[in-house]
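Position one of the first sequence corresponds to residue 4 (the working numbering), numbered consecutively onward. Please read the structure below before turning to the comments.
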Amino acid sequence: MSNSVIYWFRQDLRLEDNPALLHAAQSGKSVIPIFIFDPDDRPIGMAASWWREQSLTKLGQALKKIGATLNFYEGRPLEILQKLTGFYGADEIVWNRQYDGYSVARDKEIKQTLSDKGIQCSSFNASLLFEPWLIKNKSGSHFKVFSPFWRQCMAENAPESPFPRPTKLRGHSDTDPLQISLPTAPLSDDADLITEEWTPGETGANRQLEKFIEEGLAIYAEFRDFPDRPATSRLSPYLRWGEISPRQIWSKIQFVKSHESFSEKTITKFLAEIGWREFSYHLIFHVPEMATQNLQSSFNDFPWERNEEALQQWKEGKTGYPLVDAGMRELRRTGYMHNRVRMITASFLIKHLMIDWRAGEKYFWDRLLDACPANNIAGWQWVAGSGADAAPFFRIFNPIIQGEKFDPQGAYTKRFIPELAHVEQKHLFSPWKAKSDTVGVDFQEGGYPDPIVEHEYARNRALDAFQQIRR
DNA sequence: TAGCATTTGTG
DNA sequence: ACAAATGCT
């Protein structure tokens, strides 16, 4: 009586555009939707855990409405799946693919082991517009540079349309003894702003996309780099857990493009950012070692500084560079950081403090709501210049100029650094110059710090280091 | 193969 | 204007 199918949720916490779930629903079998807390997965941080708990709760409710119950487990997926197929007499397991090294290896082992025992394992693409193995350059290998990669993607057939949400699932009335209840993931007190502007879950994701199209898309190309402007999509945490898919975003944007009057430029620019996400997954799939190793091996000789004190000051937003500190404090309090500021804070850690990008990557991973196994790694390597498009001094951001350029009113900076609320704009990004004036900045013990490193000195030191590792 | 591209800063 | 290296066609 093999008439049930196990649906394994991972990073696809939605019902719509979910090919594996649709496949399960259409099989006619009873569906057992499960989520497994895998102890071998890279541990996620507090904010991300909170998000996942919220999202899983919503998912469970949505599944209930269409007739199925979401079950939770903790342990090695292979063992759990093996036991569950036995318990439920399931002859099939379905899931949507992941692309990082650990997941690929794990899923492959599961597929092999269980297929040998007569369990059919089917996987689907639910989180990318283009499968990484389908995009190749003229010499037949994977792209290492974004622009030609995305150009090639755009030359491919348009991505598939989103799959419809299943309207009814045949549930299963039995329960098994392995189940656990969904662990709660509370937030600490200093993360007070995290819950303010987010609604995790599929409904929240779709609302966020609507909101972005209404309020952000038109000004996206012009203002996406201004952290005080509501011009970015803020879809990253939803994309992280698959509460919305790139296909859904793509299709919605195509619809809007043909029905409303957005400029070609702003739409192209936004879709290219979805493209950067695709590119990150493409890279991590083809070069899984990049999670811990420099893409460019010459970087293995880079003279990184070991400086725990500076690393800590960076983490706490106490470097003395207002825009860097504002970004790091935004991250600490909200679990989010604006994209432009991510590049600036990352650049500061790597170039100004000469601290290994992996230390920064880990901290972002631990703190970000949207910490993504592909984007976080690729983003840090991009800033480090340890990838194929290395261009070191193209990417030593001047934190003072960046502030003046992208936070010209100082609203973003002052929001997260109240100590600087009364500094006049011309000194906001170099407040040490205002010291002699009576501008009301407290530089005393516990007040706003002096720069922990001088910009010009740091820039030259970094350039020398890059010179050292040149072949 | 030579030209193009490449989320910038400095003088 | 110039600071460089690499991938790509």
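In this text, a Cβ means the ideal position worked out from N, Cα and C, and glycines have one as well. Nothing here was measured: the structure is a model prediction, and the numbers come from that model.
Could you give the DSSP three-state label for I96: helix, strand or coil?
Reading the first sequence from its first residue, position 93 is the one you call residue 96. DSSP places I96 in strand when its eight states are reduced to three.
Residues bridged to C124 (per DSSP)
Numbered from its first residue, the first sequence carries residue 124 at position 121. Answer is I96.
Taking the CB atoms as reference points, tell me whether Y91 and I37 lie closer together than 8 Å.
For the purposes of this step, residue 91 is identified with residue 88 of the first sequence, where counting begins at 1. For the purposes of this step, residue 37 is identified with residue 34 of the first sequence, where counting begins at 1. Contact flag unset, no.
Which residue marks the beginning of the alpha helix (DSSP H) containing S7, and which one marks its end?
Taking the first residue of the first sequence as position 1, residue 7 is located at position 4. Taken as a continuous stretch (DSSP letters only), S7 belongs to no alpha helix (DSSP H), being part of the beta strand (DSSP E) at 7-12.
Helix, strand or coil: how does DSSP classify Y91 here?
Here residue 91 corresponds to residue number 88 of the first sequence, with the count starting at 1. Here DSSP, grouped into helix, strand and coil, assigns Y91 to helix.
If you draw a straight line from the alpha carbon of S176 to that of E95, how long is it in whole angstroms?
Along the first sequence, read from residue 1 onward, the residue named residue 176 stands at position 173. Along the first sequence, read from residue 1 onward, the residue named residue 95 stands at position 92. Those two C-alpha atoms are separated by around 18 Å.
By the 10 Å Cβ neighbour count, where 16 or more other Cβ atoms means buried, how is D15 classified, buried or exposed?
The count along the first sequence starts at 1 and reaches residue 15 at position 12. Per the 10 Å Cβ criterion, buried.
Give me whichever residues DSSP pairs with N74 in a beta bridge.
On the first sequence, position 71 is the one that residue 74 refers to. For N74, which the question treats as bridged, DSSP gives the partners I37.
L137 classed as buried or exposed, judged by whether at least 16 other C-beta atoms fall within 10 angstroms
Translated into the one-based positions of the first sequence, residue 137 becomes position 134. Per the 10 Å Cβ criterion, exposed.
Based on Cα-Cα distance, which residue from S164, I39, G104, A349 lies nearest to Q296?
The residue labelled residue 296 in the question sits at position 293 within the first sequence. Of S164, I39, G104, A349, the residue nearest in Cα terms is G104.
Tell me, which residues are paired with I183 by DSSP?
As a first step, residue 183 must be located in the first sequence, where it is residue number 180. Answer by DSSP bridge pairing, in chain order: F75.
Whole alpha helix (DSSP H) elements within the segment 350-377, 4-residue minimum:
360-370
Is it the case that the Cβ atoms of G406 and L326 are separated by a distance below 8 Å?
Taking the first sequence and counting its residues from 1, the one referred to as residue 406 is at position 403. Taking the first sequence and counting its residues from 1, the one referred to as residue 326 is at position 323. Result yes, Cβ atoms of G406 and L326 sit closer than 8 Å.
Runs of 4 residues minimum, wholly inside the segment 187-225: which ones carry the alpha helix (DSSP H) assignment?
Within the segment 187-225, the runs of alpha helix (DSSP H) at least 4 residues long that lie entirely inside it are, in chain order, 205-218.
Alpha helix (DSSP H) runs wholly inside the segment 384-467, at least 4 long, in chain order:
402-409, 414-419
Give, in chain order, every unbroken run of the beta strand (DSSP E) that is at least 3 residues long and sits entirely within the segment 227-262.
none
Which of helix, strand or coil does DSSP assign to A51?
Here residue 51 is taken as the residue at index 48 of the first sequence, counted from 1. Residue state for A51 is assigned as helix, using DSSP reduced to three classes.
By Cβ distance, which residues of its chain are closer than 6 Å to K32, with the 5 residues on each side in sequence left out?
As a working note, residue 32 is residue 29 in the first sequence. The answer, listed in chain order, is N6, S7, V8.
Does the separation of the CB atoms of F127 and R109 fall below 8 Å?
As a first step, residue 127 is located in the first sequence; it is residue number 124 there, counting from the start. As a first step, residue 109 is located in the first sequence; it is residue number 106 there, counting from the start. No, these two residues do not count as a Cβ contact at 8 Å.
I287: first and last residue of the uninterrupted alpha helix (DSSP H) it sits in
Position 284 of the first sequence, counted from the first residue, corresponds to residue 287. 267-289 is the extent of the alpha helix (DSSP H) around I287.
How long is the line joining the alpha carbons of T489 and S191, rounded to whole angstroms?
The requested residue 489 is not part of the displayed model; the chain covers only 4 to 474.
Using C-beta distances below 6 Å, list every residue in its chain close to A461, excluding the 5 sequence neighbours before and after it, in chain order.
Within the first sequence, residue 461 is the residue found at index 458, counting from 1. So the qualifying residues of the chain are H355.
Look at D231 and D410 and say whether their C-beta atoms are less than 8 Å apart.
Sequence index remark: in the first sequence, residue 231 carries index 228 (1-based). Sequence index remark: in the first sequence, residue 410 carries index 407 (1-based). Cβ atoms of D231 and D410: closer than 8 Å.
Is A313 buried or exposed, if buried means 16 or more other CB atoms sit within 10 Å of its CB?
Within the first sequence, numbered from 1, the residue matching residue 313 stands at position 310. When all chains shown are included, A313 counts as buried.
Would R280 and N378 be called neighbours here (beta carbons separated by less than 8 Å)?
By one-based count along the first sequence, residue 280 stands at place 277. By one-based count along the first sequence, residue 378 stands at place 375. Yes, they are a contact pair.
Tell me which residue opens and which closes the alpha helix (DSSP H) that P151 is part of.
Within the first sequence, the letter at position 148 stands for residue 151. First-last of the alpha helix (DSSP H) with P151: 149-158.
Taking the beta carbon of K61 as the centre, do at least 16 other beta carbons fall within 10 Å, making it buried, or is it exposed?
On the first sequence, residue 61 is found 58 positions in, with the first residue counted as 1. Label assigned to K61: buried.
Would S350 and I277 be called neighbours here (beta carbons separated by less than 8 Å)?
Walking along the first sequence from the start, residue 350 turns up at place 347. Walking along the first sequence from the start, residue 277 turns up at place 274. In this structure, I277 does not lie closer than 8 Å to S350 by Cβ.
Quick one: measure Cβ to Cβ for A374 and G48, integer angstroms, because I've assumed they're closer than 8 Å.
Taking the first sequence and counting its residues from 1, one reaches residue 374 at position 371. Taking the first sequence and counting its residues from 1, one reaches residue 48 at position 45. 6 Å between Cβ atoms; contact.
Would you say I83 and T170 are within 8 Å of each other, going by their C-beta atoms?
Here residue 83 is taken as the residue at index 80 of the first sequence, counted from 1. Here residue 170 is taken as the residue at index 167 of the first sequence, counted from 1. Cβ distance not < 8 Å, so I83 and T170 don't count as in contact.
Helix, strand or coil at K139 according to DSSP, with G and I counted as helix:
As a working mapping, residue 139 is identified with position 136 in the first sequence. It is coil, neither helix nor strand.
From I420 to P402, what distance separates their C-alpha atoms?
Locating residue 420 in the first sequence gives position 417, where the first residue counts as 1. Locating residue 402 in the first sequence gives position 399, where the first residue counts as 1. In a straight line, the C-alpha of I420 is about 15 Å away from that of P402.
Is the beta carbon of D20 closer than 8 Å to that of F226?
Residue mapping note: residue 226 aligns to position 223 of the first sequence, counting from 1. Residue mapping note: residue 20 aligns to position 17 of the first sequence, counting from 1. F226 is not a Cβ neighbour of D20, given a cutoff of 8 Å.
What is the rounded straight-line gap between the Cα of A158 and the Cα of V148?
The residue labelled residue 158 in the question sits at position 155 within the first sequence. The residue labelled residue 148 in the question sits at position 145 within the first sequence. Between the alpha carbons of A158 and V148 lies a distance of about 16 Å.
Nearest to V344 by alpha carbon, out of P452, F229, P376?
In the first sequence, counting from the first residue as 1, residue 344 sits at position 341. If we check each option's Cα against that of V344, F229 comes out closest.
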